[in-house]
Amino acid sequence: MSPVIRRTVPAIVLAGAMMLAATGCLAGERAGAAAPAEDAAAGWSSDTLSIDFATYNPLSLVVKDQRLLEEALGEEVTVEWVQSAGSNKANELLRSGSLDVGSTAGSAALLARANGSPIQVIDVYSQPEWSAIVVPAGSPITSVADLRGATIAATAGTDPYFFLLQALVAEGLSVGDVAVQNLQHADGRAALEAGSVDAWAGLDPIMAAAEVESGATLLYRDVEFNSFGFLNATEEFITEHPDLAQVVVDAYEQARTWAIAHPEETAELLAEIAGIDLAVATTVIRERTNLDVDGVPGAAQRDVLERIAPVLVDSDAVSGGQAAVDAALQSIVHPDFARAATE
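According to mature numbering (1 follows the signal peptide of the UniProt record, and there is no 0), the stretch in the sequence shown is residues -27 to -1, 1 to 316, in order.
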């Protein structure tokens, strides 16, 4: 697929969005649109922006490394970078107000919103195959059916966890047939290699490193069980700081264009920040991560989340049940900023 060329709006144009917000002009279909340049002198709506970077979100690494936000916002806004170790951690930081914008898998974002976290997806950063069920080298387990009675490491509230649940159901098992040990992704790999769990619901790039470095085997793969990579913002941030939200999404679209054109350099960046071998990072970028997707969240993402929704409900992960999940599906998408960035 050939790279899609996207327009990046100059920072001086985006600065004017704050003035539009003050007059209510950013409501409805105009939310996220750039404002006239003559309003730029008004400055930004906040002097800080808190945003995450994560090794499972390659575009965040590009945005951070190339200082795209710092260059667009200038000295008036301090960009606070926070590393997310997993979707569950990003969701915790968003809910607590420690992050304005954070990276999660789509399934994790749906779970968080269904459970009352006021977040919405403002951009889609990838369509990955980043989850699989992993067993150690030499494991006697050769199929999902062999997992009955097994102990499996998984990070609750993340795509690998929901991948595991879907895989079990697809093969005639349920979560009650296994013992799930809730460990953060890197700890899950360590537990697998130490022999304290039988399997691990893995996440790249940690999973790819386990394959290369310790001979771990991907027992079960299904790209359809992976949800999209979501860039989420709190509703408060979207409402009160649409100028900054637009700058973030514009930076992501600029990073996407660059990363598609420079896969080798993107892999090198991932290898450096994740502390993994370049060959591993190259596998993640070239074989398991599709960055050349439409950044505008919409029907494609809802379709995937609708397939995952019954798993969330059946696992009792959502306190409000089906009604809460349905409400979240209807309200989780906020496409205006991505539309403005990709027109």
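Quick reminder that beta carbons are idealized off the backbone N, C-alpha and C, glycines included. Values in this document were obtained by computation on a predicted structure and should not be read as measured data.
Within-8 angstroms CB hit, residue i to chain B
i, result
"residue 42", "Checking the listed chains, one finds no chain B in this structure; it contains a single protein chain."
Strand pairing of residue i, partner residues [DSSP]
i, result
"residue 96", "204"
"residue 104", "176"
"residue 78", "202"
"residue 233", "The partner list for residue 233 (beta bridge, DSSP) is empty, contrary to what the question assumes."
"residue 193", "106"
"residue 17", "Paired residues: none, contrary to the question."
"residue 25", "55"
"residue 315", "Paired residue(s): none; residue 315 is not in a bridge."
"residue 263", "100"
"residue 30", "27"
"residue 125", "153 and 172"
"residue 306", "94"
Residues near residue i in its chain [Cβ-Cβ closer than 6 angstroms; skip 5 each side]
i, result
"residue 87", "291, 297, 298 and 301"
"residue 151", "120, 123 and 125"
"residue 182", "249 and 253"
"residue 2", "With a pLDDT of only 33 at residue 2, under 50, the local geometry of the prediction cannot be trusted, and the value read off the model is given with reservation. Cβ within range, chain order: n/a, list empty."
"residue 139", "198 and 284"
"residue 239", "31, 232 and 258"
"residue 52", "22, 42 and 43"
"residue 196", "102"
CB contact flag (residue i, residue j, <8 angstroms)
i, j, result
"residue 101", "residue 255", "no"
"residue 63", "residue 72", "yes"
"residue 284", "residue 135", "yes"
"residue 228", "residue 35", "yes"
"residue 225", "residue 204", "yes"
"residue 201", "residue 79", "yes"
"residue 90", "residue 67", "yes"
"residue 137", "residue 127", "yes"
"residue 42", "residue 221", "yes"
"residue 156", "residue 148", "no"
Residues near residue i in its chain [Cβ-Cβ closer than 8 angstroms; skip 5 each side]
i, result
"residue 178", "28, 29, 243, 247, 249, 253, 254 and 257"
"residue 109", "165, 166, 168, 187, 188, 189 and 190"
"residue 217", "17, 18, 19, 22, 46, 50, 73 and 210"
"residue 294", "286"
"residue 76", "25, 26, 27, 29, 30, 33, 57, 60, 63, 98, 202, 203, 204 and 205"
"residue 171", "108, 112, 114, 120, 123, 124 and 125"
"residue 159", "58 and 179"
Whole-Å CB distance - residue i paired with residue j, under 8 angstroms assumed
i, j, result
"residue 95", "residue 206", "5 angstroms"
"residue 208", "residue 93", "6 angstroms"
"residue 133", "residue 112", "Going by Cβ atoms, the distance from residue 133 to residue 112 rounds to 18 angstroms, so no, they are not a contact pair."
"residue 192", "residue 305", "Going by Cβ atoms, the distance from residue 192 to residue 305 rounds to 31 angstroms, so no, they are not a contact pair."
"residue 331", "residue 194", "Residue 331 falls outside the range modelled here, since the chain spans only -27 to 316, and no answer is possible."
"residue 311", "residue 268", "5 angstroms"
"residue 131", "residue 81", "5 angstroms"
Same chain, Cβ closer than 7 angstroms to residue i, neighbours up to 5 away in sequence not counted
i, result
"residue 236", "258 and 259"
"residue 279", "302"
"residue 144", "117 and 118"
"residue 185", "250, 252 and 253"
"residue 213", "18"
- prompt: Between the region 116 to 128 and the region 283 to 301, do three or more beta carbon pairs fall short of 8 angstroms?
  reply: no
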